[in-house]
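Take this note's numbering: the final residue in the sequence shown is number 801, and no numbers are missing along the way. First up is the structure itself, then whatever we jot down about it.
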Amino acid sequence: MSDDLFEGTPASSGDYDSSSIEVLEGLEPVRRRPGMYIGGTDDRALHHLAAEVLDNAMDEAVAGHATRIEVSLEEGNRLSISDNGRGIPVDEHPKFPGKSTLEVILSTLHSGGKFSGKAYATSGGLHGVGVSVVNALSSDTRVEVARDRQLYAQSFSKGQTLGPIEKLGATPNRRGTTVSFTPDAEIFGDRQFKPHRLFKLARSKAYLFAGVEIRWKCAESLASDDVPAEATFKFPGGLADHLAEQIGTRECVTAQPFAGNQDFPDEQGRVEWACAWPLYSEGSTSWYCNTVPTPDGGTHEQGLRAALTKALRAFGDLVGIKKSKDLTADDVMTGGEVMLSVFIRDPQFQSQTKDRLTSPEAARLVENAIRDHFDHFLTDNMERGKALLGQVMERMDERLRRKQEREVKRKTATNAKKLRLPGKLTDCSGEGDGETELFIVEGDSAGGSAKQARDRKTQAILPIRGKILNVASASADKIRANQEIADLLLAMGCGSRKDCDPENLRYDRIIIMTDADVDGAHIATLLMTFFFQEMTEIVRKGHLFLAQPPLYKLTAGKESRYARDDAHRAELEETVFKGKKVEVGRFKGLGEMNPGQLRETTMNPDTRSLVRITLPPEFEQRAAVKELVDQLMGRNPEHRFNFIQNNAGDMDRDMIDA
């Protein structure tokens, strides 16, 4: 598969012929469209460069070839990451005569030692684009390799090789690779590496692999009260040490945390976990795959949730508490400090930035590995098990109480004329065991498919007509007079702005479900703007979600898979369907999917994927998000135009996370 990117540009005469096709070679596609490779050009993307290089060093450690990693931040926004591993090969590459393997890896997309699995059993880097992308987006990159008692070096700038590999002489007491780079100001502007963010990243990596020592160093001028000039991280207890630091002096339901590790059968990898349930404070979750953070969770998260939930239900049955069969994963997880790290072969991620793990086998492997351990954790000390079950049952009772109150309000609203529901709403009966959901869909056609695909007991459908009013640029009177917004407010029944009370919300989840195209994304953005401005508390309490319907159906023989977007399609074609003749079908909209397909891919809680839309916890961050929403959705078109000019071609998930 060629690494060249073909990009159409209009000829001066207005004709479209061969002269209109521009061929971008080498790493130029990365510089033209950095958003495709690192998710944008903001602070998050800048620090993703550091993560890519550090992940390579961690892969050497996990593979058993490195024991020490050094991270050094210098003045001038220059970062160096070293390991004492095997060192990148420096001999001539057989497919590229005259070029060292080092040069090929640094200057060619999709090159690396992690495709076949021979050099690394598990790794965080998979696509062969990490360090080459760092090179492409840096103004000055230098790589030093100590290998076979000799020291080699090569320099690059903006993806271009500055000269042949140099042999610098003997180095009998040194081994491994050092990558030093300065992000290019042409790409990232005046953004600088944040010492506290890199310090936290380095420390978290040390927790994820107990066998590695990570040394941190930064210039004295960059040090602070929170970030020392030098530090060494080594945690023999792995995630258990991390959890102990996170818990601090907080009292927990059980005196001992639930922590451990387990190899998967047939050398498929391993899993490590650490869980505790604080008594009087909120918890947090941390998910990792092959030492890479996956903030949106994924299939490994599903496996852990299933293991904990099924074990607690079984324990409840063992001690005679029959109501425990009604426990849900949210009852178990809410308020817990939960950390999970898996190492698996050939993991599949939702995007190049690896925010969510999608490997289907991970759920089964993790559940089977952890379930037995948690059964023993609960039964080895019956009082401990009963204490944890009691805490979780209290959350379940509170959830069921709120659900019952909403059902009463729903029936009241249905029967009372003054609180009549919008005519297009197809409500749920609320008689099922699951939590109730309202799907906001685009148009009557999609609404018809969704009505047939839904679970009538727990899923309600509200079709809206096209693009709703942009509330960020509308007056209060215009918002109140808009019929679509009136229907939304009526269906949810919890008021708006200062009168918005999440306790009165008629559903547990509000799910925005629009087509997987540009128009659908626009409608979803307008709806998110509406919720952010008019129903902030609903977002803060975690009730708002974004559905992820597929754009493509890929079929080869009897095997079919769904792809969310072009990137996911390309990933499936390179992995699941590699070398096969693939028939590709494109869904023009939700209305074109038959109810069975819509249920399987987008609405069934067991098979779908949802993105929770949340607000940052600190008010200052929330203010920054509001400023961005006003900039993008407000009345001043110049702000919107300037943002588009500065971020053209980039796609950043931070807006969803916000």
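We put the CB at the ideal spot given by N, CA and C, even for glycine. Since the model is a prediction, treat every value here as computed from it, not as a measurement.
- Item | Given residue 565 as reference, the closest of 338, 392, 677 and 604 once Cα atoms are compared | To locate residue 565, count along the sequence shown from 1; it is residue 422. Checked all of 338, 392, 677 and 604; the closest Cα to residue 565 is 604.
- Query: Which of the three DSSP states, helix, strand or coil, is assigned to residue 393?
  - Reply: The sequence position of residue 393 within the sequence shown is 250, counting from 1. Here residue 393 sits in coil by DSSP.
- Could you say if the stretch 207 to 221 and the stretch 349 to 368 meet the contact criterion of at least three C-beta pairs nearer than 8 angstroms? yes
- Determine the DSSP secondary structure at residue 198, reduced to helix, strand or coil. For the purposes of this step, residue 198 is taken as the residue at position 55 of the sequence shown. In the structure shown, residue 198 sits in a helix (DSSP, three-state: H, G or I).
- Query: DSSP on residue 160, reduced to helix/strand/coil?
  - Reply: Counting from 1 along the sequence shown, the entry for residue 160 is found at position 17. Here the model assigns residue 160 a pLDDT of 48, short of 50, so the residue's position is not dependable and the matter cannot be decided.
- Message: Taking contact to mean 3 or more Cβ pairs, one atom from each stretch, closer than 8 angstroms, check whether the stretch 410 to 421 and the stretch 478 to 491 are in contact.
- Response: yes
- Host alpha helix (DSSP H) of residue 324 (start-end): Locating residue 324 in the sequence shown gives position 181, where the first residue counts as 1. From DSSP, residue 324 is part of no alpha helix (DSSP H) but of the beta strand (DSSP E) over 319 to 326.
- Query: So what does DSSP say about residue 649, is it helix, strand or coil?
  - Reply: For the purposes of this step, residue 649 is taken as residue 506 along the sequence shown, with counting starting at 1. Residue 649: coil per DSSP, three-state reduction.
- Task: Output the boundary residues of the alpha helix (DSSP H) element that contains residue 346.
- Result: As a position in the sequence shown, residue 346 is number 203, starting the count at 1. It spans 338 to 351 - the alpha helix (DSSP H) in which residue 346 sits, taken as one unbroken run.
- Item | Assigned secondary structure, residue 503 (DSSP; H/G/I helix, E/B strand, else coil) | As a first step, residue 503 must be located in the sequence shown, where it is residue number 360. The answer is helix: DSSP assigns residue 503 an H, G or I state.
- Message: Can you confirm whether the stretch 325 to 341 touches the stretch 171 to 185 when touching is taken to mean that 3 or more C-beta pairs between the two stretches lie within less than 8 angstroms?
- Response: yes
- Message: Measuring only the C-alpha atoms, how far is residue 306 from residue 413?
- Response: The count along the sequence shown starts at 1 and reaches residue 306 at position 163. The count along the sequence shown starts at 1 and reaches residue 413 at position 270. Near 42 angstroms, if we compare the C-alpha coordinates of residue 413 and residue 306.
- Task: Could you tell me if residue 570 is buried or exposed, where buried requires 16 or more neighbouring beta carbons within 10 angstroms of its beta carbon?
- Result: The residue given as residue 570 occupies position 427 in the sequence shown. The residue in question, residue 570, is buried, as its Cβ has 16 or more Cβ neighbours within 10 Å.
- CB contact flag (residue 584, residue 656, <7 angstroms): Position 441 of the sequence shown, counted from the start, is the residue given in the question as residue 584. Position 513 of the sequence shown, counted from the start, is the residue given in the question as residue 656. Result yes, Cβ atoms of residue 584 and residue 656 sit closer than 7 angstroms.
- Would you report the Cα separation of residue 709 and residue 489, rounded to the nearest angstrom? Counting from 1 along the sequence shown, the entry for residue 709 is found at position 566. Counting from 1 along the sequence shown, the entry for residue 489 is found at position 346. Spanning the two alpha carbons is a distance of roughly 20 angstroms.
- Pull up the distance between the alpha-carbon of residue 528 and that of residue 639, whole angstroms please. Here residue 528 refers to the residue found at position 385 when the sequence shown is read from its first residue. Here residue 639 refers to the residue found at position 496 when the sequence shown is read from its first residue. Their Cα atoms are separated by approximately 42 angstroms.
- Where do the N-terminal and C-terminal ends of the alpha helix (DSSP H) with residue 179 fall, by residue? Indexing the sequence shown from 1 puts residue 179 at position 36. From DSSP, the alpha helix (DSSP H) with residue 179 extends over 178 to 181.
- Task: Could you name each continuous beta strand (DSSP E) segment of 3 residues or more that falls completely within the stretch 457 to 540, going from the start of the chain to the end?
- Result: 480 to 487
- Expected contact under 8 angstroms - CB spacing of residue 871 and residue 525 to nearest Å: Past the edges of the chain, shown from 144 to 801, lies residue 871, and the structure says nothing about it.
- Message: For residue 663, which residues in the same chain have their Cβ closer than 7 angstroms to its Cβ, ignoring the five residues on either side in sequence?
- Response: Position 520 of the sequence shown, counted from the first residue, corresponds to residue 663. Only 585 and 657 meet the Cβ criterion.
- Close beta carbons around residue 591, own chain, < 8 angstroms, minus the five adjacent residues each side: Position 448 of the sequence shown, counted from the start, is the residue given in the question as residue 591. Only 734 meet the Cβ criterion.
- Task: In angstroms with no decimal places, state the Cα-to-Cα distance between residue 395 and residue 426.
- Result: Here the question's residue 395 lines up with position 252 in the sequence shown. Here the question's residue 426 lines up with position 283 in the sequence shown. Each residue's alpha carbon lies about 11 angstroms from the other.
- Does the beta-carbon distance from residue 580 to residue 602 come in below 7 angstroms? Numbered from its first residue, the sequence shown carries residue 580 at position 437. Numbered from its first residue, the sequence shown carries residue 602 at position 459. Yes, Cβ-Cβ distance for residue 580 and residue 602 is below 7 angstroms.
- Item | residue 447 classed as buried or exposed, judged by whether at least 16 other C-beta atoms fall within 10 angstroms | As a position in the sequence shown, residue 447 is number 304, starting the count at 1. Counting Cβ neighbours within 10 Å, residue 447 comes out buried, since at least 16 surround it.
- Task: Could you pull out every residue in the same chain whose Cβ sits closer than 7 angstroms to the Cβ of residue 462, ignoring the five residues on either side in sequence?
- Result: Here residue 462 is taken as the residue at index 319 of the sequence shown, counted from 1. If we look at residue 462 and ignore the five residues flanking it on each side, its Cβ neighbours are 529.
- Message: Tell me the residue span of the alpha helix (DSSP H) that contains residue 808.
- Response: Look at the range of the chain in this structure, 144 to 801, and you will see that residue 808 is not part of it.
- Message: Comparing C-alpha positions only, which one of 468, 392 and 634 sits nearest to residue 606?
- Response: In the sequence shown, counting from the first residue as 1, residue 606 sits at position 463. For the residues 468, 392 and 634, the minimum Cα distance to residue 606 belongs to 634.
- Task: Starting from residue 309, follow its DSSP beta bridges and name the residues at the other end.
- Result: The sequence position of residue 309 within the sequence shown is 166, counting from 1. Partner(s): 296.
- Message: Comparing C-alpha positions only, which one of 288, 670 and 411 sits nearest to residue 200?
- Response: Locating residue 200 in the sequence shown gives position 57, counting from the first residue. The candidate whose alpha carbon is nearest that of residue 200 is 288.
- Message: Taking its Cβ as the centre, do 16 or more other Cβ atoms sit within 10 Å of residue 721, making it buried, or is it exposed?
- Response: Here residue 721 refers to the residue found at position 578 when the sequence shown is read from its first residue. Exposed.
- Task: Count the C-beta pairs between the stretch 221 to 233 and the stretch 281 to 295 that are closer than 8 angstroms, then say yes if the count reaches three, no if not.
- Result: yes
- Item | Other residues of its chain near residue 629: CB distance less than 7 angstroms, five sequence neighbours each side excluded | As a first step, residue 629 must be located in the sequence shown, where it is residue number 486. Here the set comprises nothing.
- Item | Start-end ranges of the alpha helix (DSSP H) lying completely within the stretch 363 to 427, minimum 4 residues | 382 to 390
- Would you say the stretch 359 to 376 touches the stretch 228 to 244, given that touching needs at least three Cβ pairs under 8 angstroms? no
- Message: Our contact map puts residue 758 next to residue 652 with C-beta atoms below 8 angstroms; I'd like the distance itself, whole angstroms only.
- Response: Taking the first residue of the sequence shown as position 1, residue 758 is located at position 615. Taking the first residue of the sequence shown as position 1, residue 652 is located at position 509. Not really, about 16 angstroms apart at Cβ, beyond 8 angstroms.
- Query: Roughly how many angstroms lie between the CA atoms of residue 345 and residue 172, to the nearest whole one?
  - Reply: Along the sequence shown, one-based indexing puts residue 345 at 202. Along the sequence shown, one-based indexing puts residue 172 at 29. When rounded, the distance between both Cα atoms is 30 angstroms.
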